[in-house]
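A.B. asks: Residue numbers (full-length UniProt numbering): 1 to 121.
Even glycine gets a Cβ: it sits at the ideal position worked out from N, Cα and C.
All values reported here derive from a predicted model rather than from experimental measurement.
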């Protein structure tokens, strides 16, 4: 396992396929518990993490905040799988990206376009 101070270091690259991560980082027992997840296909973001009790207690407020920020929330539960809650817009965007990335040609074009855009700055 490639951990650095409790944080997974496999997520440092700009773009990593899930299948290329070590098996230990694909489960809730290591990297997912660190709260590091992919926000888009090429960015990494710290996901807001709250306990199930906190989520349940402030459900309406938490959902309103999530809707405003469009950021998903990671919910922890003792001895159970982690849960990610996200808006429908975020989910639809993620599904569209996954669909487009199924084609190696689309993936290459998209990553080349992003690289070209980043190099203009």
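1. Any contact of the segment 101-121 with the segment 77-84, i.e. 3+ C-beta pairs under 8 Å?
2. Classify residue 69 as helix, strand or coil using the three-state DSSP reduction.
3. Between which residues of its own chain and residue 54 is the CB-CB distance below 6 Å, once the five residues before and five after are set aside?
4. Count the other CB atoms, across all protein chains shown, that sit within 10 Å of the CB of residue 74; report buried if there are 16 or more and exposed otherwise.
5. With a CB to CB cut of under 7 Å and the five nearest residues on each side skipped, what residues in its chain are close to residue 85?
C.D. replies: Taking the coordinates as given:
1. Segments in contact, no.
2. In the structure shown, residue 69 falls within a helical segment according to DSSP collapsed to helix, strand and coil.
3. Within the same chain, and ignoring the five residues on either side of residue 54 in sequence, no residue has its Cβ closer than 6 Å to its Cβ.
4. Flag for residue 74 reads buried.
5. Short of 7 Å from the beta carbon of residue 85, and not among the five residues preceding or following it, lie these beta carbons of its own chain, in chain order: 66, 72, 73, 75.
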